[in-house]
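Per my numbering, residue -7 is the first one in the sequence shown, and the count goes up by one each step.
For glycine and all other residues, C-beta sits at the position ideal for the given N, C-alpha and C.
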Amino acid sequence: MPKSTAVYPGFFDPFTLGHVNIVDRAKDVFDTVIVAISKDSNKDPLFSFDERMALAEEIFKGDQSVRVEPFQGLLVHYMEKNDYRTILRGLRTVSDFEYEFQMALANKTMSQHIETFFMMTDSRYSFISSTLIKEIARLGGSVDNMVPAIISAKLKDKF
């Protein structure tokens, strides 16, 4: 059977336990999961691109089935350049599906050989978003049960 690879793209500012859960469960389906961290954004990031790369690498350090890679520009161009075929997306809510469905169709229009694989987020993480994490941390709340320990420590340094 051929090796399968899924690309899990995102901004990951910051990485949450919901993101980790998607990666961990995807490893049961795919031989390799690539966490592709976007350099582009119209957002004002809390963590720099270099910090987001380093944090993701630390989270998955020692896991041979997960690689962390940067990408810039259109995801489909990155996918084609590296001969990747499957985009992995996590879904928390119906509104996530509406947005992700639209993106999947746009990606398919730009590159016919790329497929999008949707995975439902585990229900215990369905309320977590990177935006919510930053807001709770900014206001002095604990996010220890919502993010990896290294992210929690870095958030405390930031706020």
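With which residues is residue i paired in a DSSP beta bridge?
i       : result
Arg130  : Per DSSP, none; premise fails for Arg130.
Thr123  : According to DSSP, Thr123 bridges with nothing at all.
Ala(-2) : Val25 and Thr78
Phe63   : Ser30
Determine the DSSP secondary structure at residue i, reduced to helix, strand or coil.
i       : result
Ile79   : strand
Val158  : Residue 158 falls outside the range modelled here, since the chain spans only -7 to 151, and no answer is possible.
Phe89   : helix
Met111  : strand
Met(-7) : Residue confidence is low: Met(-7) scores 46 on pLDDT, short of 50, so the model does not pin down where it sits. No coordinate-derived value is stated.
Gln94   : helix
Val68   : helix
Ile142  : helix
Asp149  : helix
Asn99   : helix
Arg116  : helix
Given a cut-off of 8 Å on the beta-carbon distance, is the pair residue i and residue j in contact?
i      : j       : result
Ser118 : Arg81   : no
Ile26  : Val(-1) : yes
Ile120 : Thr(-3) : no
Phe4   : Arg59   : no
Thr24  : Ser57   : yes
Met111 : Ala18   : yes
Ile128 : Pro6    : no
Ile106 : Pro62   : no
Glu72  : Ser122  : no
Hey, is residue i's beta-carbon within less than 8 Å of any beta-carbon in chain D?
i      : result
Ser115 : In the displayed structure, chain D is absent; only one protein chain is listed.
At least 3 beta-carbon pairs within less than 8 Å: the stretch 42 to 59 vs the stretch 138 to 149
The stretch 42 to 59, when compared against the stretch 138 to 149, does touch it at the 8 Å Cβ threshold.
Can at least three beta-carbon pairs, one atom from the stretch 31 to 45 and one from the stretch 86 to 103, be found at a separation below 8 Å?
No, because fewer than three Cβ pairs between the stretch 31 to 45 and the stretch 86 to 103 fall closer than 8 Å, the two stretches do not touch.
Within the stretch 5 to 53, note down every full alpha helix (DSSP H) run reaching 4 residues or more, in order along the chain.
List check, alpha helix (DSSP H) in window: 9 to 18 and 41 to 51.
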